[in-house]
Ligand SMILES: [Zn+2]
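Residue numbers (the working numbering): 534 to 793.
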């Protein structure tokens with residue numbers, strides 16, 4: 534196990550038992566105090582997170598909500614291994630440094646997705662050196678709901694990327710930036726959640742077109758009216774986010790068919 538992973542301890546058993554662990558970069562998102570942590574299909578409430586000791590104390594619960602942490606994340610590109618190529622959704626991959634701060638969380642009810650509570654998260658900023666696949670978006674495509682559309686795109690791409698690679702969804706993260714410091718363009722980055730990465734980012738770069746198509750299908754085929762956590766993430770309160778996300782995801786394919 535990695536030295537700085539957070540160990541997850543179930544305190545409900547007669548003798549407290551370690552049920553899992555999580556990398557330090559992801560832990561503030563999923564293991565902050567009062568988070569609902571999902572493990573093998575079961576819900577656990579995080580009673581305490583001892584950041585110094587890197588231990589999260591949890592107990593099983595059955596509740597009608599999940600938690601969603603709000604993050605502010607910056608992406609710095611350290612080295613570009615491939616790309617960018619041309620097109621309205623230009624792909625690249627390389628070495629990135631992420632700096633992330635979890636600021637607060639929301640409690641969201643299943644099915645209705647209503648917000649039923651919130652709270653602050655007081656944990657230190659985390660940095661991660663890893664590899665990522667990033668997509669620079671033609672700024673002309675990005676309209677009024679730019680940020681919601683980009684965030685929806687990041688959510689959907691991470692989801693289909695994890696399915697395609699058959700990895701744990703926690704192995705990948707995704708960030709949407711309205712203006713990247715590196716590309717100076719609207720940019721979506723899917724990164725590997727472990728230091729250094731294990732080679733997923735290169736694979737995602739190679740699968741670029743297929744992943745965009747799969748993400749567009751995921752969003753288009755989702756029965757929700759205006760976006761939900763299953764497709765574009767917990768953004769359903771932003772009107773037009775689902776349509777904006779679909780327009781972005783389909784932009785590349787439209788260019789191909791126009792030039793064919
Ligand atoms: Zn949906």
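All residues carry an ideal CB built from backbone N, CA and C; glycine is no exception.
Fair warning: this is a prediction, and the values are worked out from it, not measured in the lab.
Query                                                                                                                                                                     : Result
Taking the DSSP output, what are the residues bridged to residue 565?                                                                                                     : Per DSSP, none; premise fails for residue 565.
Give me the pocket residues for ligand 1, defined as CB within less than 6 Å of any heavy atom, sorted by chain position.                                                 : 755, 757, 760, 761, 763 and 764
With a threshold of 7 Å, establish whether the CB of residue 662 neighbours any heavy atom of ligand 3.                                                                   : Questions concerning ligand 3 fall outside what the structure shown contains, since the ligands it does hold are ligand 1.
Is the beta carbon of residue 679 closer than 8 Å to that of residue 711?                                                                                                 : yes
What residue from 747, 771, 748 and 687 has the CA that sits closest to residue 758's CA?                                                                                 : 771
Check each candidate in 745, 544, 706 and 599 and name the one with the smallest Cα separation from residue 646.                                                          : 599
For residue 627 versus residue 606, is the C-beta spacing smaller than 8 Å?                                                                                               : no
For residue 717, is the classification buried or exposed, using 16 other Cβ atoms within 10 angstroms of its Cβ as the cut-off for buried?                                : exposed
Are the region 631-640 and the region 560-570 touching, with three or more C-beta to C-beta distances below 8 Å?                                                          : yes
Can you list, in chain order, the residues of its chain whose CB lies under 6 Å from that of residue 698, leaving out five sequence neighbours each side?                 : 733
Helix, strand or coil for residue 790? Go by DSSP, reduced to three states.                                                                                               : helix
In terms of alpha-carbon separation, which member of 746, 739, 662 and 747 lies closest to residue 706?                                                                   : 662
Could you spell out the range, first to last residue, of the beta strand (DSSP E) harbouring residue 643?                                                                 : Unbroken run through residue 643: none, as it is neither H nor E.
Since I believe residue 567 is in contact with residue 579 (beta carbons under 8 Å), could you give me their beta-carbon distance rounded to a whole number of angstroms? : 6 Å
Report the three-state DSSP secondary structure of residue 702 (helix, strand or coil).                                                                                   : helix
Please state whether the Cβ-Cβ distance between residue 689 and residue 778 is less than 8 Å.                                                                             : yes
Within 10 Å of its beta-carbon, does residue 765 have 16 or more other beta-carbons around it, so buried, or fewer, so exposed?                                           : buried
Can you give me the Cβ contacts of residue 575 inside the same chain, cut-off strictly under 8 Å, excluding the 5 residues immediately before and after it?               : 593
Within 10 Å of its beta-carbon, does residue 756 have 16 or more other beta-carbons around it, so buried, or fewer, so exposed?                                           : exposed
Would you mind sorting residue 725 into buried or exposed? The rule is 16 or more other CB atoms within 10 Å of its CB.                                                   : buried
In three-state terms, what does DSSP make of residue 598?                                                                                                                 : strand
Specify, as a first and last residue, the run of the beta strand (DSSP E) that residue 743 falls within.                                                                  : Taken as a continuous stretch (DSSP letters only), residue 743 belongs to no beta strand (DSSP E), being part of the alpha helix (DSSP H) at 741-754.
Just the Cα atoms here: how many angstroms apart are residue 786 and residue 673?                                                                                         : 16 Å
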